[in-house]
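For reference, the structure discussed in these notes is given below.
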Amino acid sequence: MTATPAPKEASKAATRQRPGSDPTEDAQPIMRRVKTKLTSKWATAAAIIIAVVWSVPTFGLFVTSFRPAAKQIGPRSNGWWNAFVDWDFTFKNYADVLTPAGSQSANLSQYFVNSIAIVIPVTVFVLVLASMAAYIFAWGKFKGRDALFIFVFALQIIPLQMALIPLLQFFTQTLHLPAGSYAQLWLAHTMFGLPLGIFLLHNFISEIPGEVIEAARVDGAGHSTIFWRIILPLSVPALASLAIFQFLWVWNDLLVALVFSGGTGDVAPITQRLAELSGTRGARDYLNPAAAFVSIIIPLLVFFGLQRYFVRGLLSGGLKG
Amino acid sequence: MEFVGEKLLQVVIALAIFAAVIGIIMLLVDRAPKSVKDKVTVAGFLAPAAILMLVGLVYPAVRTSMLAFTDASGNGNGFDNFVWMFTQPEALTTLRNTVIWTILVPLLSTSFGLAYAVFIDKARGERVLKSLVFMPMAISFVGAGIIWKLVYDYRGPNIEQTGVINFFRDALGMDPKQFLLDAPENTIFLIIVMVWIQTGFAMVILSAAIKGVPVELIEAARLDGANAWQQFRNVTVPGIRGALVVVLTTITIATLKVFDIVRTMTAGNYDTSVVANEMYTQAFRAGEPGRGAALALVLFLMVLPIVVYNARVLRKQREIH
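In order, the protein sequences belong to chains A and B.
Quick note: to get my numbering, add 51 to the position in the first sequence (first position is 1).
Note that my numbering gives residue 106 to position 112 of the second sequence, counting from 1, and the numbers run on in steps of one.
Given below as structure tokens:
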């Protein structure tokens, strides 16, 4: 490693980096090399700063959630970064938020189960119904198909807030769904998830080669056979990404939960409990970081485990729009 | 943990009913007489999603639009709710804040996301660096609220600070600041939380778009003597224009609907309320569903231009198809 590489070496390096470029065109390889290095040094520094600024808040929460109560609030408390000096960690916060202990307790395990009981059916409902509709929008033939599809696309943008009051009235007064039941939450989330689900899946399903479907039809397969045996298996990447999307939205939702859960702990999801806990200032504030982390852990696992699909789903909906 | 069993039973029953409904639809589609088979197929595949969207989105949107012209007891009051919105100081603050949000969040998120995507393009450890900035996307707004409350934490002067930012202010000899209480700049500190979440979304989409810009174009600009900034401005940015529009649109819509961040961090107090939050407060806390509906209608009107624009782009695309 020499500080100033010979011009020949530099041009070789440049060629290696950009296989498409012609080395004879590199008239001043050293100068250019210095230049790119300089910009990339600043760029690297800026990128590192952004990465740090973006991760520190979550990391701070993570560390805080393992600190004893006295270190978090009260006269002997100090910033979470001191934890690495004191080296004082505990699992007690997690034990406290998860187990039921009196009416004051966070009792998160119950809400955790609620979140799971809400999110799984909704994800299934949206995936199946949206892919059925997307299939017909892509491959069915009927009058007004394109206009209807654009209408569905536009529905995406109705603010949820606009739908909440009439929908709640409809559920309780017309359908007589019991207040504080999962049914209200399942239905509401499914309704709100369909427009984007149809849009995302349509982008993917319409790109399936027509010959595949035609061949099946010639073999005598009906629409339902084509849908279940050909369309769905071929759409797995798009279905996976929509599933992750839908999972994250429903898991992370607060507004729909507040309106349709009936205000009791019977069916309320973990976000609602978390909002209650963090909304009230009190002696149990030290439990909030642990509670927050419990609620974050599932989406983070889903996200990191299936990140590949997640990004692909964003793109199939995004770049073509 | 007996409640778990009962809850999971409800989930299983719901999924079974759903499977039965879908099964019956498929059976009807397959058994339909040949003459009406296509019509039955379209109806069967589309009906479940269509009914849910009609009930959950179209009908409520129409109802809310009408509700906006009634008072607290349901009698028509003309434009009183809108007069209230555009004359009352608190309501005006809400509108002003919403405008600030919708300008700053898309702009800042997209800028940071784009800069980061450019900086880490083809860098070593690109995947890890991306994950760090993308991670907040998986965290609920409620969780983000708790995370950032920790960052903004405030203690009186001359006490050891527990919030990261006040710690640095302390170290620099500045007085600690109550970030969430001091209006009007507290709105900016809430906006930072949203930017923190949305930057990852912008970054992922734009990063993929940047990789789609032909290398030859950048190479040609480089050989013409363009420096890094000129290459970026004259080649990269025009090449990713489509993706930029999608990112800005999506983030703008998400920002207009923002609710959870304000709800969990300040509950809209200290002059930080936005339309989406005020709508919830008026309709569900203050017993003024008419005002809430009027706010929702204004929100929809704010989003409408974006819908129209996107619908037109979409229609053009389908015509090309």
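All residues carry an ideal CB built from backbone N, CA and C; glycine is no exception.
What you are looking at is a predicted structure, and each value in this text was computed from that prediction instead of being measured.
Here's the rule I'm using: 16 or more other beta-carbon atoms within 10 Å means buried, otherwise exposed. How should residue i be labelled?
i, result
"Trp105 of chain A", "buried"
"Lys251 of chain B", "buried"
"Thr258 of chain B", "buried"
"Ser312 of chain A", "buried"
"His227 of chain A", "exposed"
"Phe200 of chain A", "buried"
"Leu89 of chain A", "With a pLDDT of 45 at Leu89 of chain A, under the threshold of 50, the modelled position of that residue is not reliable, and the figure given next carries that caveat. Exposed, by the Cβ-count rule."
"Met168 of chain B", "exposed"
"Trp302 of chain A", "buried"
"Leu295 of chain B", "exposed"
"Lys28 of chain B", "exposed"
"Ile322 of chain B", "The structure shown does not extend to residue 322 of chain B, since chain B spans only -5 to 315, so no value can be given for it."
"Pro350 of chain A", "buried"
"Ser329 of chain A", "buried"
Once DSSP output is grouped into helix, strand and coil, what is the label at residue i?
i, result
"Thr150 of chain A", "coil"
"Gly324 of chain B", "Here chain B has residues from -5 to 315 only, and residue 324 of chain B is not among them."
"Gly262 of chain B", "coil"
"Gly157 of chain B", "coil"
"Gly70 of chain B", "strand"
"Thr88 of chain B", "helix"
"Thr174 of chain A", "helix"
"Thr141 of chain A", "coil"
"Thr315 of chain A", "coil"
At the 9 Å Cβ level, is residue i part of the contact set with chain A, yes or no?
i, result
"Thr156 of chain B", "yes"
"Lys251 of chain B", "yes"
"Ile94 of chain B", "no"
"Leu61 of chain B", "yes"
"Ile182 of chain B", "no"
"Asp218 of chain B", "no"
"Asn304 of chain B", "yes"
"Asp74 of chain B", "no"
"Leu242 of chain B", "no"
"Tyr53 of chain B", "yes"
"Ile204 of chain B", "no"
Taking 9 Å as the threshold (beta carbon to beta carbon), is residue i in contact with chain B?
i, result
"Tyr360 of chain A", "no"
"Asp270 of chain A", "no"
"Asp304 of chain A", "yes"
"Gln235 of chain A", "no"
"Trp105 of chain A", "yes"
"Asp147 of chain A", "no"
"Phe140 of chain A", "no"
Is it true that the CB of residue j sits closer than 9 Å to the CB of residue i?
i, j, result
"Val148 of chain A", "Leu338 of chain A", "yes"
"Tyr110 of chain B", "Val99 of chain B", "no"
"Ala97 of chain A", "Ala117 of chain B", "no"
"Ala248 of chain B", "Ser59 of chain B", "no"
"Leu299 of chain A", "Phe354 of chain A", "yes"
"Met20 of chain B", "Gly38 of chain B", "yes"
"Met242 of chain A", "Leu291 of chain B", "no"
"Ile259 of chain A", "Ser232 of chain A", "no"
"Trp172 of chain A", "Val5 of chain B", "Checking the sequence, you will find Pro at residue 172 of chain A rather than Trp. It is a contact, given that the beta carbons lie within the stated cut-off."
"Ile204 of chain B", "Asp265 of chain B", "no"
"Val203 of chain A", "Met47 of chain B", "yes"
"Ala272 of chain A", "Ile282 of chain A", "no"
"Ala185 of chain A", "Leu252 of chain A", "yes"
"Ala220 of chain B", "Val229 of chain B", "yes"
"Ala234 of chain A", "Val310 of chain A", "no"
Could you compute how far the alpha carbon of residue i sits from the alpha carbon of residue j?
i, j, result
"Ile245 of chain B", "Gly261 of chain A", "34 Å"
"Thr35 of chain B", "Phe63 of chain B", "41 Å"
"Arg309 of chain B", "Asp164 of chain B", "56 Å"
"Ala26 of chain B", "Ala10 of chain B", "24 Å"
"Thr322 of chain A", "Asp254 of chain B", "10 Å"
"Ile94 of chain B", "Val269 of chain A", "58 Å"
"Val207 of chain B", "Gly233 of chain B", "6 Å"
"Asn304 of chain B", "Ile141 of chain B", "34 Å"
"Gln161 of chain A", "Ile169 of chain A", "12 Å"
"Gly137 of chain B", "Phe255 of chain A", "32 Å"
"Phe193 of chain A", "Arg57 of chain B", "30 Å"
"Ile7 of chain B", "Phe188 of chain A", "30 Å"
"Pro284 of chain A", "Arg359 of chain A", "18 Å"
"Leu217 of chain B", "Phe113 of chain B", "21 Å"
"Pro170 of chain B", "Val77 of chain B", "40 Å"
"Phe140 of chain A", "Trp132 of chain A", "12 Å"
"Ile101 of chain A", "Phe113 of chain A", "19 Å"
Between residue i and chain E, is there a C-beta pair that is closer than 9 Å?
i, result
"Ser103 of chain B", "In the structure shown, chain E does not exist; the protein chains are A and B."
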